[in-house]
Every structure is written in structure tokens, then in C-alpha cells.
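Encoded as C-alpha cells, the structure appears first; notes follow it.
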Amino acid sequence: MVKDSFPFQSKPEGYRLTNQGAEDCICRYIVEHMERYSEAEIPMDGIRYLHSELPNLSARGMNWLLPNLLRKAVICTNRFDTITDTIIYDLELAAEGEKQAGSRYSWLSAVQRQCLESTLEYLSEEHGHAISKAISALSPTNA
């Protein structure tokens with residue numbers, strides 16, 4: 010389901026990856042660090058790095074990361090691995106009205122929102138995460 014709803018996307022160029030430009034030192038470091046990756050499929054070390062920098066990603070950056078992150082999250086067997094809960098926390102921020110978090114998911118289609126909701130439900134069952142607030146961020150009125 011993730012594979013069909015979230016095809017790999019090309020990497021955004023330069024500071025289109027982040028929500029700030031070169032004047033922001035964290036975003037500058039993210040762009041420099043991610044220069045080594047140019048493909049739509051991101052290796053696990055790149056996914057791990059970006060998933061820890063979600064607050065600094067743009068919608069385009071999230072569009073590149075999310076197909077990769079979701080594929081790794083659904084096959085993760087370690088219930089304490091942060092790869093499974095970071096997206097939930099980020100969606101909770103969006104549900105609370107945090108504008109940058111909400112904008113990271115603004116590109117999701119209805120089909121993608123439904124797939125993401127199903128994926129969150131699976132992660133909840135497998136890893137014990139509470140997801141109700143995160144799912145509320147995916148409702149059409151919040152998206």
C-alpha cells in the first residue's frame with residue numbers, strides 16, 4: 010500500500026529541501042550533509058539523519074523523505090526505534106496547529122492521507138504508539 014500511494018520522488022535541489030535558506034545555519038548544515046544523496050531512494054543513514062531534522066524540512070523535502078521513511082518504518086521490528094514514532098510526533102505538532110509542521114504535509118492527496126493513516130494504525134498495533142492526535146492532523150479539515 011505504501012509503495013503504491015507514495016512513489017519515490019526526486020530530491021529537491023539546494024534549499025528547496027529545507028524550510029529556510031542559507032541564512033539559517035541548521036538548514037545550511039542539512040543541505041551540505043545531504044549533498045551526498047542525489048537519488049529518489051535515500052539510504053538508511055540519510056533517512057535517519059533527515060527524520061531527526063523534520064522541523065527544518067520543507068514540504069518538498071518531506072515529499073522526498075516520506076516515501077523512504079514509511080517503507081523503513083513498516084518493516085522496523087525494534088519497537089523502540091525512533092524511525093517509527095518521529096512521524097507521529099510531527100503530525101501531532103501539525104494537529105496542534107504548528108504551521109511549519111502542517112505545511113510539511115500540505116502536498117498529501119486524499120489517497121496518501123488514507124494510506125498514511127493506515128500506516129499509523131499499523132505502527133500503533135506493532136509498536137504501541139498512541140496515534141489519535143496524529144491521525145486528526147490528516148483529516149481533510151486540517152490538511
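Residues in the sequence shown are numbered from 10 upward in steps of one, following the working numbering. Ideal Cβ placement from N, Cα and C applies to all residues, glycine included. Fair warning: this is a prediction, and the values are worked out from it, not measured in the lab.
I need the DSSP call for Leu102, collapsed to helix, strand or coil. Start at 1 with the first residue of the sequence shown, and residue 102 comes out as number 93. Reduced to three states, the DSSP call for Leu102 is helix.
Of all Cβ atoms in chain D, is any one closer than 7 Å to the Cβ of Glu135? This model lacks chain D altogether, as it is built from one protein chain only.
With three or more beta-carbon pairs closer than 8 Å as the criterion, would you say the segment 68-76 touches the segment 101-114? yes
Using the C-alpha atoms, what's the distance from Glu44 back to Tyr131? Position 122 of the sequence shown, counting from 1, holds the residue named residue 131. Position 35 of the sequence shown, counting from 1, holds the residue named residue 44. Tyr131 and Glu44: Cα-Cα distance of roughly 33 Å.
Proximity winner among Glu32, Gly106, Glu101, Gln109, relative to Glu126 (alpha-carbon distances): For the purposes of this step, residue 126 is taken as the residue at position 117 of the sequence shown. Ranking the options by Cα distance to Glu126, first place goes to Glu101.
Rank Pro16, Leu147, Asn28 by C-alpha distance to the C-alpha of Glu7 and give the top, closest one. There is simply no residue 7 to check, as the chain begins at 10 and stops at 152 in what is shown.
Would you say Leu74 touches the ligand SAM, meaning its beta carbon is less than 6 Å from a heavy atom? For the ligand SAM, the structure offers nothing, since it holds no ligand at all.
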